[in-house]
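K.L.:
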Amino acid sequence: MELIITEKNNAARRIADILSEGGARADQQAGVYVYEWGGKRCVGLSGHVVGVDFPSEYEDWRDVEPRELVDAPIVKTATQEDIVNVLQRLARDADDVVIATDYDREGELIGKEAYELVRDVNEDAPVKRVRFSSITENEVKTAFAEPDELDFELAAAGEARQIIDLVWGAALTRFLSLSARQMGEDFISVGRVQSPTLKLIVDKEREIEAFDPDDYWELFADLAKDATEFEAQYFYLDEDDNEAERVWDEDAADEAFAVLREAAEVVVESVRRRTRTDDPPAPFNTTQYIRAASSLGYGAGRAMSIAEDLYTAGYITYPRTDNTVYPDDLDPAELVGEFDGNPHFSDAVNLLRDLEELEPTAGDEETTDHPPIHPTPDIPARGDLSEDEWEVYELVVRRFFATLAEPAEWEHLRVVAEVAGENLSLKANGRRLLEEGYHAVYPYFGTDENYVPDVEEGEQLEVVDARIEEKQTQPPRRYGQSRLIETMESLGIGTKSTRHNTIEKLYDRGYIEGDPPRPTRLAMAVVEAAEQYADLVVSEEMTAELEEDMTAIVEGETTLDEVTEESREMLGRVFESLGESREEIGDHLRESLKADKTVGPCPECGNDLLIRRASRGSYFVGCDGYPDCEFTLPLPDSGEPIVLDETCEEHDLHEVKMLDGRSTFVHGCPLCAEEDAGVELVVGACPECGEDEGGELAVKRLRNGNRLVGCTRYPDCEYSLSFPRNGDVEATDEICEEHDLPELVIRDESGEDWEFGCPVCNYEEYRASRGLTELDGIGSKTAEKLNAVGVEDVGDLRDADADELADDVDGVSADSLRDWQAKAD
DNA sequence: GCAAGGTC
1 MELIITEKNN
11 AARRIADILS
21 EGGARADQQA
31 GVYVYEWGGK
41 RCVGLSGHVV
51 GVDFPSEYED
61 WRDVEPRELV
71 DAPIVKTATQ
81 EDIVNVLQRL
91 ARDADDVVIA
101 TDYDREGELI
111 GKEAYELVRD
121 VNEDAPVKRV
131 RFSSITENEV
141 KTAFAEPDEL
151 DFELAAAGEA
161 RQIIDLVWGA
171 ALTRFLSLSA
181 RQMGEDFISV
191 GRVQSPTLKL
201 IVDKEREIEA
211 FDPDDYWELF
221 ADLAKDATEF
231 EAQYFYLDED
241 DNEAERVWDE
251 DAADEAFAVL
261 REAAEVVVES
271 VRRRTRTDDP
281 PAPFNTTQYI
291 RAASSLGYGA
301 GRAMSIAEDL
311 YTAGYITYPR
321 TDNTVYPDDL
331 DPAELVGEFD
341 GNPHFSDAVN
351 LLRDLEELEP
361 TAGDEETTDH
371 PPIHPTPDIP
381 ARGDLSEDEW
391 EVYELVVRRF
401 FATLAEPAEW
411 EHLRVVAEVA
421 GENLSLKANG
431 RRLLEEGYHA
441 VYPYFGTDEN
451 YVPDVEEGEQ
461 LEVVDARIEE
471 KQTQPPRRYG
481 QSRLIETMES
491 LGIGTKSTRH
501 NTIEKLYDRG
511 YIEGDPPRPT
521 RLAMAVVEAA
531 EQYADLVVSE
541 EMTAELEEDM
551 TAIVEGETTL
561 DEVTEESREM
571 LGRVFESLGE
581 SREEIGDHLR
591 ESLKADKTVG
601 PCPECGNDLL
611 IRRASRGSYF
621 VGCDGYPDCE
631 FTLPLPDSGE
641 PIVLDETCEE
651 HDLHEVKMLD
661 GRSTFVHGCP
671 LCAEEDAGVE
681 LVVGACPECG
691 EDEGGELAVK
701 RLRNGNRLVG
711 CTRYPDCEYS
721 LSFPRNGDVE
731 ATDEICEEHD
741 LPELVIRDES
751 GEDWEFGCPV
761 CNYEEYRASR
771 GLTELDGIGS
781 KTAEKLNAVG
791 VEDVGDLRDA
801 DADELADDVD
811 GVSADSLRDW
821 QAKAD
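Residue numbering for the first sequence follows UniProt numbering, beginning at 1 and increasing consecutively.
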């Protein structure tokens with residue numbers, strides 16, 4: 001029995017199909033597909049099925065000094081146990097084994113991992129390696145006809161990367177997290193790829209912060225030939241004889257404008273016509289695909305997830321590839337022919353069919369991993385895909401068509417004119433599309449024309465209008481996600497499969513916010529700490545040096561052990577300098593974490609107002625002086641708040657923005673938002689200040705759309721109750737005896753009435769009925785124990801005697817019960 | 001609770 005091992009199930013199925021001429025039978029073992037035919041079995045892994053880690057005695061962050069990780073042993077453990085088990089069961093019966101993982105470095109390592117799992121249970125069976133760049137009949141059959149050997153050096157290079165990434169990443173991550181006492185889900189991470197990526201963003205922010213704008217002026221004129229007008233711009237030659245449009249001196253600008261405004265006519269000095277060829281784009285690799293999808297409005301993660309779905313459904317080729325050159329096996333004419341008669345692409349197919357030959361473009365990057373992304377002959381119907389999927393599918397199809405289409409041709413027309421007798425020149429640049437070329441099948445690039453009429457040298461043109469515009473130089477632009485991914489690729493950091501995940505990781509860690517991403521104070525502090533003590537880990541040099549070492553391993557010039565040992569020594573030296581500064585680094589990180597959450601001074605007590613998280617997951621603004629100061633302000637129910645740089649002049653508080661996907665909006669100064677509340681209905685006297693100050697209780701609509709019942713004397717009186725967001729409110733004649741307030745009715749959109757009752761009673765009932773697990777600090781296990789002794793909701797907990805209850809419930813102290821009771825109040 | 005790299 002021969003066992004064939006591939007990197008993923010999809011590849012296993014297709015290879016089995018090719019080698020068996022369609023005769024393979026699929027069978028599932030423990031959820032793992034195995035394909036079997038004529039004495040052969042084929043199984044797909046799921047990428048790496050084993051991973052490197054530290055032995056379990058290094059697990060506890062508090063027990064182990066981070067520097068101990070530098071020289072800690074490394075173990076390999078199964079991360080996909082089902083697959084490992086099935087693989088080893090099959091390997092026992094195998095007479096020979098063929099490794100058919102992807103044709104790149106990581107594929108070689110995955111292949112070697114499979115080899116070791118096989119050897120654990122079968123010492124004798126010969127193990128071969130086959131390599132192919134695309135799963136086509138021709139390539140696969142050729143590869144299997146002449147199998148090769150595993151490249152252990154290449155796999156060792158990959159292992160060196162794994163070990164160095166783990167040791168540096170884990171040791172430094174633990175060090176920073178412990179120094180700032182940020183444990184649990186809020187740990188502070190660093191790594192060879194994420195940290196240089198973060199530094200790109202931080203460096204750009206530093207440039208923006210340091211940017212000092214300059215004023216300049218630009219002059220424009222509308223010129224007319226006969227009845228047609230076009231715009232021309234003033235220019236001059238600077239001291240280096242370069243053409244310049246920006247005038248940096250106001251007097252000089254005014255002087256030029258005075259001349260231009262008085263001029264009735266200009267004389268054409270020169271006319272230059274040029275045609276320019278606009279070549280069709282190269283085939284899609286992952287990065288260029290992400291870039292194109294981003295111009296359609298898809299973020300990098302979303303673009304990859306859609307591509308993954310289209311790939312899994314069989315409509316496009318593998319979406320993770322570096323390659324921009326189609327393989328020889330691809331017959332473009334045949335693939336175009338598959339789209340013949342398809343109503344969505346008939347324009348493009350007809351156009352391509354008229355060409356004499358279909359010679360595809362090729363990009364600079366030619367690799368062995370996978371073909372560039374292109375459609376397969378399996379074409380979906382419009383109804384098979386969602387809106388988004390279809391938009392992306394069409395992009396991939398049209399990109400494929402574009403790589404086969406003709407170049408476009410533009411005519412550029414440049415006209416220079418002068419004001420007679422004055423040293424003042426104007427220029428106009430026109431462009432006109434002569435040949436549409438590939439744009440006809442690929443409408444994603446702009447083809448805007450700029451019309452400038454035919455004029456001749458010496459011709460006089462009327463000056464219809466003259467304008468001067470005052471402008472300022474702009475700070476550099478932030479990286480958008482796709483430009484960040486392109487930059488990472490050009491610096492060699494991350495891989496085609498991971499770059500978009502790395503960006504998501506930076507969001508998850510609280511390092512960046514918004515789109516385009518902006519760094520938080522925490523991110524600034526992490527990068528600063530790393531720059532000072534572990535410069536290598538925030539530099540793209542770490543990857544560059546690692547790549548050199550890996551190449552040396554492949555060439556046999558050095559070994560895995562030498563490379564990892566040297567790297568450990570280097571990290572050891574980093575820890576020597578870190579040791580003394582632990583407190584200082586921790587303080588700086590903690591200050592920055594707090595700065596990210598600080599809204600401004602509390603109007604009650606002057607302490608900082610902070611963004612805080614309520615026990616139910618929503619956010620609010622609360623005072624750092626709590627519990628001495630209980631001042632709070634509400635925030636909208638949904639989304640993640642971020643503190644903006646802009647402050648409110650009246651209250652000196654930062655504005656807050658709520659990030660909630662497409663419904664992201666600026667909430668503004670939280671105190672203004674509260675004061676701007678519109679009164680929908682006055683209910684009665686405020687229970688808190690009504691008697692003394694005459695405050696009234698009202699249903700108020702806040703600027704963020706939420707509603708509450710609060711005192712009209714706010715902010716002098718802060719009495720407030722939560723209230724449903726939707727529905728018209730009316731007061732009834734029924735009066736609550738306890739609170740002397742009318743019972744309310746809420747009418748929702750469907751016209752249904754909801755007898756809400758007295759707002760105070762309703763709120764108290766609601767508070768009491770909340771589940772125990774909704775209180776911060778009560779887990780489901782503890783809640784179960786409390787339920788068992790009759791404490792079922794927050795109200796029960798509030799009314800209980802903490803000491804008695806502590807005696808009744810195992811493992812819960814009276815102190816923590818009192819904490820929870822305070823929260824319940 | 002750690003990295004980066006596969007894959008889903």
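Backbone N, C-alpha and C define an ideal beta-carbon position, used for all residues, glycine too.
Please go through the same chain and pick out, in chain order, the residues whose beta-carbon is closer than 8 angstroms to the beta-carbon of GLU92, but skip the five residues on each side of it.
P.N.:
Numbered from 1 along the first sequence, position 92 holds the residue referred to as residue 92. The identity of residue 92 in the sequence shown is Arg, whereas the question assumes Glu. Here the set comprises VAL121, ASN122.
K.L.:
Using only the alpha-carbon positions, how far apart do LEU3 and VAL98 sit?
P.N.:
Your numbering for residue 3 matches position 3 in the first sequence. Your numbering for residue 98 matches position 98 in the first sequence. C-alpha separation (whole angstroms): 6 angstroms.
K.L.:
Taking the C-alpha atoms as reference points, what is the distance between residue 836 and LYS427?
P.N.:
A query on residue 836 cannot be resolved here, the shown segment of the chain reaching from 1 to 825 and no further.
K.L.:
Could you name the residues that DSSP lists as bridge partners for ARG25?
P.N.:
For the purposes of this step, residue 25 is identified with residue 25 of the first sequence, where counting begins at 1. Answer is GLU36.
K.L.:
What is the rounded straight-line gap between the Cα of THR101 and the Cα of THR286?
P.N.:
Reading the first sequence from its first residue, position 101 is the one you call residue 101. Reading the first sequence from its first residue, position 286 is the one you call residue 286. Distance between the alpha carbons of THR101 and THR286 is about 19 angstroms.
K.L.:
Run through DSSP, which three-state label would TRP61 get?
P.N.:
What you label residue 61 is simply residue 61 of the first sequence in a count that begins at 1. TRP61 falls in the coil class under three-state DSSP.
K.L.:
Sort VAL656, GLU650, SER577, SER663 by Cα distance to ARG67 and report the nearest one.
P.N.:
Locating residue 67 in the first sequence gives position 67, where the first residue counts as 1. Minimum Cα distance to ARG67 is reached at SER577.
K.L.:
Measure the CB-CB distance between residue 865 and VAL656 and report whether it falls below 8 angstroms.
P.N.:
Outside the shown range of the chain, which is 1 to 825, sits residue 865, and nothing can be said about it.
K.L.:
Which partner residues of LEU697 appear in the DSSP bridge assignment?
P.N.:
Locating residue 697 in the first sequence gives position 697, where the first residue counts as 1. In DSSP, LEU697 forms a bridge with GLY684, CYS711.
K.L.:
Might you give, ordered along the chain, the residues of its own chain that have their beta carbon closer than 7 angstroms to the beta carbon of GLU521, omitting 5 neighbours on each side?
P.N.:
Within the first sequence, residue 521 is the residue found at index 521, counting from 1. Correcting the residue identity first, residue 521 is Arg in this sequence and not Glu. Hits under 7 angstroms: SER592, ALA595, ASP596.
K.L.:
Alpha carbon to alpha carbon, how far is VAL167 from GLU7?
P.N.:
On the first sequence, position 167 is the one that residue 167 refers to. On the first sequence, position 7 is the one that residue 7 refers to. Taking the straight line from one Cα to the other gives about 26 angstroms.
K.L.:
Please classify MET488: does DSSP put it in a helix, a strand, or coil?
P.N.:
Along the first sequence, one-based indexing puts residue 488 at 488. Helix at MET488.
K.L.:
Tell whether a beta-carbon distance below 8 angstroms holds between residue 826 and SER189.
P.N.:
Residue 826 lies beyond the range of the chain shown here (1 to 825); nothing can be said about it.
K.L.:
Roughly how many angstroms separate the alpha carbons of ASP354 and GLU548, rounded to a whole number?
P.N.:
Walking along the first sequence from the start, residue 354 turns up at place 354. Walking along the first sequence from the start, residue 548 turns up at place 548. One C-alpha to the other measures close to 49 angstroms.
K.L.:
Kindly indicate the opening and closing residues of the alpha helix (DSSP H) around SER294.
P.N.:
Taking the first residue of the first sequence as position 1, residue 294 is located at position 294. Note, SER294: alpha helix (DSSP H), 286-295.
K.L.:
Here's the rule I'm using: 16 or more other beta-carbon atoms within 10 Å means buried, otherwise exposed. How should TYR326 be labelled?
P.N.:
Locating residue 326 in the first sequence gives position 326, where the first residue counts as 1. By the neighbour-count rule (16 or more Cβ atoms within 10 Å), TYR326 is buried.
K.L.:
So what's ILE4 in DSSP terms, helix, strand or just coil?
P.N.:
Against the first sequence, residue 4 aligns to sequence position 4. Residue state, collapsed to three classes: strand.
K.L.:
Comparing C-alpha positions only, which one of GLU389, GLY169, VAL247 sits nearest to SER305?
P.N.:
Here residue 305 corresponds to residue number 305 of the first sequence, with the count starting at 1. That would be GLU389, whose Cα lies nearest to the Cα of SER305.
K.L.:
To the nearest angstrom, report how far apart SER134 and ALA143 are at their CA atoms.
P.N.:
Counting from one through the first sequence, the residue named residue 134 turns up at place 134. Counting from one through the first sequence, the residue named residue 143 turns up at place 143. SER134 and ALA143: Cα-Cα distance of roughly 11 angstroms.
K.L.:
Closer than 8 angstroms is the cut-off here; do at least three beta carbon pairs connect the segment 244-252 with the segment 474-486?
P.N.:
Judged by Cβ distances under 8 angstroms, the segment 244-252 makes no contact with the segment 474-486, as fewer than three pairs qualify.
K.L.:
Return the chain-ordered list of same chain residues with a C-beta closer than 6 angstroms to the C-beta of ALA170, the five sequence neighbours on each side being excluded.
P.N.:
The residue you call residue 170 lines up with position 170 of the first sequence. Cβ neighbours of ALA170 beyond the five flanking positions: LEU69.
K.L.:
Which full runs of the beta strand (DSSP E) of 3+ residues lie inside the segment 125-160, going along the chain?
P.N.:
As far as the segment 125-160 is concerned, its whole beta strand (DSSP E) runs of at least 3 residues are 127-129.
K.L.:
May I ask you to verify whether the segment 40-47 touches the segment 79-92, counting CB pairs closer than 8 angstroms and requiring at least 3?
P.N.:
The segment 40-47 is in contact with the segment 79-92.
K.L.:
Should ASP17 go down as buried or exposed, given a rule of 16 or more other Cβ atoms within 10 Å for buried?
P.N.:
In the first sequence, the residue the question calls residue 17 occupies position 17. With 16 or more Cβ atoms within 10 Å of its Cβ, ASP17 is classed as buried.
K.L.:
Suppose you measure from the CA of ASP214 to the CA of GLU545; what does that come to, to the nearest Å?
P.N.:
Against the first sequence, residue 214 aligns to sequence position 214. Against the first sequence, residue 545 aligns to sequence position 545. If you take the alpha carbons of ASP214 and GLU545, they lie about 40 angstroms apart.
K.L.:
Quick one: what's got a C-beta closer than 8 angstroms to GLY437's C-beta in the same chain, skipping five residues either side?
P.N.:
Working through the first sequence from its first residue, we reach residue 437 at position 437. Only ASP278, PRO280, ALA405, GLU406, PRO407, ALA408, GLU409 meet the Cβ criterion.
K.L.:
Please name the residue, chosen from ASP369, PRO377, HIS370, that lies closest to PHE339 on a Cα-to-Cα basis.
P.N.:
In the first sequence, residue 339 corresponds to position 339, counting from 1. When only C-alpha atoms are compared, the closest one is PRO377.
K.L.:
So, are the CB atoms of LEU260 and ALA466 less than 8 angstroms apart?
P.N.:
As a first step, residue 260 must be located in the first sequence, where it is residue number 260. As a first step, residue 466 must be located in the first sequence, where it is residue number 466. For LEU260 and ALA466, yes; Cβs fall inside 8 angstroms.
K.L.:
From ALA227 to VAL464, what distance separates their C-alpha atoms?
P.N.:
Numbered from 1 along the first sequence, position 227 holds the residue referred to as residue 227. Numbered from 1 along the first sequence, position 464 holds the residue referred to as residue 464. In a straight line, the C-alpha of ALA227 is about 11 angstroms away from that of VAL464.
K.L.:
Applying the 10 Å Cβ sphere with the 16-neighbour rule, what's the burial state of GLU207?
P.N.:
The residue labelled residue 207 in the question sits at position 207 within the first sequence. Classification of GLU207: exposed, given that the 10 Å Cβ count is below 16.
K.L.:
Straight-line CA distance for HIS500 to ILE290?
P.N.:
Your numbering for residue 500 matches position 500 in the first sequence. Your numbering for residue 290 matches position 290 in the first sequence. Looking at the two C-alpha atoms, the distance is approximately 9 angstroms.
K.L.:
Assuming ASP364 contacts ASN323 (C-beta within less than 8 angstroms), just tell me the rounded distance between them.
P.N.:
Here residue 364 is taken as the residue at index 364 of the first sequence, counted from 1. Here residue 323 is taken as the residue at index 323 of the first sequence, counted from 1. Not confirmed; about 11 angstroms, so no contact.
K.L.:
Go ahead and label GLY158 buried or exposed: buried means 16 or more other beta carbons lie within 10 angstroms of its beta carbon, across all protein chains shown.
P.N.:
Working through the first sequence from its first residue, we reach residue 158 at position 158. With 16 or more other Cβ atoms within 10 Å, it is buried.
K.L.:
Secondary structure at ILE778, three-state DSSP: helix, strand or coil?
P.N.:
Here residue 778 corresponds to residue number 778 of the first sequence, with the count starting at 1. Looking at ILE778 - three-state DSSP - the assignment turns out to be coil, as it is neither helix nor strand.
K.L.:
Alpha carbon to alpha carbon, what distance is there between GLN472 and GLU459?
P.N.:
The sequence position of residue 459 within the first sequence is 459, counting from 1. The sequence position of residue 472 within the first sequence is 472, counting from 1. When rounded, the distance between both Cα atoms is 35 angstroms.
K.L.:
Nearest-angstrom Cα distance between GLY38 and ARG320?
P.N.:
Mapped onto the first sequence, residue 38 falls at position 38. Mapped onto the first sequence, residue 320 falls at position 320. Their backbone Cα atoms lie some 32 angstroms apart in a straight line.
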